[in-house]
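Novice: Below: one structure in structure tokens.
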Amino acid sequence: MKIATIELYEVTLPYSGGVYQLSGGREYRHFDAVIVRVEADDGTEGWGESTPFGGTYIAAHARGARAGVEEIAPHLLGRDPRQTDRIYDAMDEVLVGHNHAKAAIDAACWDLFGKSVNRPVCELLGGSTGIPMATISSIYAGAPEEMRERVVEHRSRGYLGHSIKIGALDHEGGPMLDSERIRACLADRQPGEYFIADANGGLVPETAMRMLRLLPDGLDFVLEAPCSTWRETLSLRRHCTVPIILDELVMEDENLARLIALDAADGIGLKITKAGGLTPSRRQRDLCRAAGLTMSVQDTVGSDIAYAAIVHMGATVPPRLLRCILNSRDMVTLETARFDPVMRDGRVLPPDAPGLGINVNREALGAPVQAWSL
Ligand SMILES: [Mg+2]
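Residue numbers (UniProt numbering): 1 to 374.
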């Protein structure tokens with residue numbers, strides 16, 4: 001089997017909640033999605049998505065991802081898409097880094113591989129645990145009572161995890177406002193729920209410690225991405241007893257190896273396109289497992305195609321280490337594909353359909369912006 005065609009699509013995904021607010025005054029109204037279709041010489045096709053959370057989140061942006069696909073795509077024609085590690089080596093040979101560009105191509109190869117052997121992607125990644133997965137909400141930063149209401153609303157829709165965005169600047173209310181946000185969001189806490197206070201790197205050790213000291217003892221939550229640098233994170237780690245989860249600081253395998261070597265955190269947000277696709281995510285999953293780190297399987301955001309990849313990867317994480325998966329498609333209003341995971345009491349399992357189990361809505365994507373063929 002050979003890759004015969006690669007197509008690149010550009011799609012705008014409106015944010016479903018109006019304006020998404022993140023620490024440092026960052027705002028997002030829509031997301032620029034990079035979608036790739038890979039077709040083999042026997043006509044089997046696979047789809048992958050890479051949607052950066054705007055250019056101010058991590059060192060990735062959609063136009064850069066598309067430029068990366070342009071660099072890589074011609075070199076993959078004629079290669080076997082089922083050899084996912086070898087495809088990745090070939091991508092690395094022509095372009096250093098640029099995980100977001102590689103992620104969409106990599107996911108498309110896994111989808112294609114699954115369809116070619118009539119098996120779901122989760123089975124190719126080691127097999128589904130068969131344990132339904134809890135989903136996590138994304139509660140953007142706002143006034144404490146208003147954030148509490150959004151947690152209540154997500155709870156009513158079956159969400160068991162809640163990622164509360166914090167990281168107020170001093171003039172916005174600083175550590176006092178963040179502590180009130182955490183208290184408000186946890187006020188109606190139900191058994192079995194999991195709370196993350198996610199600063200997206202918006203705190204420094206001083207503001208983080210002040211915020212933690214303003215909270216009453218016994219609140220059950222983990223602190224995600226408190227600081228934007230390793231030094232700050234390690235300093236805070238030495239001074240606090242709240243579990244720390246890393247997200248933006250862990251992109252490459254090497255970052256995860258560093259986390260483990262320095263004992264810098266207790267878990268990670270395993271975001272598939274941040275890692276560079278399903279191939280490196282599988283490796284990071286195994287490194288986390290070896291080190292006893294918890295994982296929330298997510299993405300930087302993404303429509304149905306990205307969500308399908310999340311569900312398949314999440315299903316392969318041992319339940320004692322899997323906290324939640326992100327229903328990324330709930331954050332956008334455009335349906336790029338039909339994807340019907342199995343739902344049990346609000347929890348999620350991958351479908352039995354081959355590959356990612358998606359039916360892409362070609363009309364929503366429009367014509368490809370570029371294509372390469374043998
Ligand atoms: Mg995060």
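Here a beta-carbon is modelled for each residue, glycine too, at the ideal position from N, C-alpha and C.
What three-state label does DSSP hand I58 in the structure shown?
Specialist: In the sequence shown, the residue the question calls residue 58 occupies position 58. Reduced to three states, the DSSP call for I58 is coil.
Novice: Could you name the residues, in chain order, whose CB is less than 6 Å away from a heavy atom belonging to ligand 1?
Specialist: Those residues, listed in chain order, are D198, N200, E224, A225, D247, G269.
Novice: Buried or exposed for R59, going by 16 or more other Cβ atoms inside 10 Å?
Specialist: Start at 1 with the first residue of the sequence shown, and residue 59 comes out as number 59. One detail in the question is off: residue 59 reads as Ala in this sequence, not Arg. Burial call: exposed.
Novice: Pull up the distance between the alpha-carbon of I6 and that of Q298, whole angstroms please.
Specialist: Residue 6 sits at position 6 when you count from the first residue of the sequence shown. Residue 298 sits at position 298 when you count from the first residue of the sequence shown. Cα-Cα distance, rounded: 25 Å.
Novice: Hey, is T336 close to ligand 3, as in C-beta under 7 Å from one of its heavy atoms?
Specialist: Although ligand 3 was asked about, the structure shown includes only ligand 1 as ligands.
Novice: Going by Cα to Cα distance, which pick from C122, R283, S138 is closest to P341?
Specialist: Translated into the one-based positions of the sequence shown, residue 341 becomes position 341. Comparing Cα positions, the closest option is C122.
Novice: Note the first and the last residue of the continuous beta strand (DSSP E) segment covering G161.
Specialist: Stepping through the sequence shown from its first residue, residue 161 is reached at position 161. Residues 161-165.
Novice: Among the candidates R323, A275, A353, whose CA atom is the shortest distance from the CA of A308?
Specialist: In the sequence shown, residue 308 corresponds to position 308, counting from 1. Of the listed residues, the one whose Cα sits closest to A308 is A353.
Novice: Check for me: the beta strand (DSSP E) holding F53 runs from which residue to which?
Specialist: As a position in the sequence shown, residue 53 is number 53, starting the count at 1. It is not in any beta strand (DSSP E) - F53 carries neither H nor E in the DSSP assignment.
Novice: Under three-state DSSP, which class holds I131?
Specialist: Taking the first residue of the sequence shown as position 1, residue 131 is located at position 131. Reduced to three states, the DSSP call for I131 is coil.
Novice: What number of angstroms, rounded off, separates the C-alpha of L177 from the C-alpha of A265?
Specialist: Within the sequence shown, the letter at position 177 stands for residue 177. Within the sequence shown, the letter at position 265 stands for residue 265. One C-alpha to the other measures close to 25 Å.
Novice: Under three-state DSSP, which class holds G138?
Specialist: Working through the sequence shown from its first residue, we reach residue 138 at position 138. This sequence places Ser at residue 138; Gly is not what is there. Of the three classes helix, strand and coil, the one that applies to S138 here is strand, per DSSP.
Novice: In the DSSP assignment, find the alpha helix (DSSP H) that holds D111 and state where it starts and stops.
Specialist: By one-based count along the sequence shown, residue 111 stands at place 111. Its alpha helix (DSSP H) spans residues 99-117.
Novice: My understanding is that S116 touches R82, with C-beta atoms under 8 Å, so please give their C-beta distance in whole angstroms.
Specialist: For the purposes of this step, residue 116 is identified with residue 116 of the sequence shown, where counting begins at 1. For the purposes of this step, residue 82 is identified with residue 82 of the sequence shown, where counting begins at 1. That pair is a contact at about 6 Å.
Novice: Using 8 Å as the threshold, is the stretch 234-246 in touch with the stretch 189-205, meaning 3 or more CB pairs across them?
Specialist: Yes, the stretch 234-246 touches the stretch 189-205.
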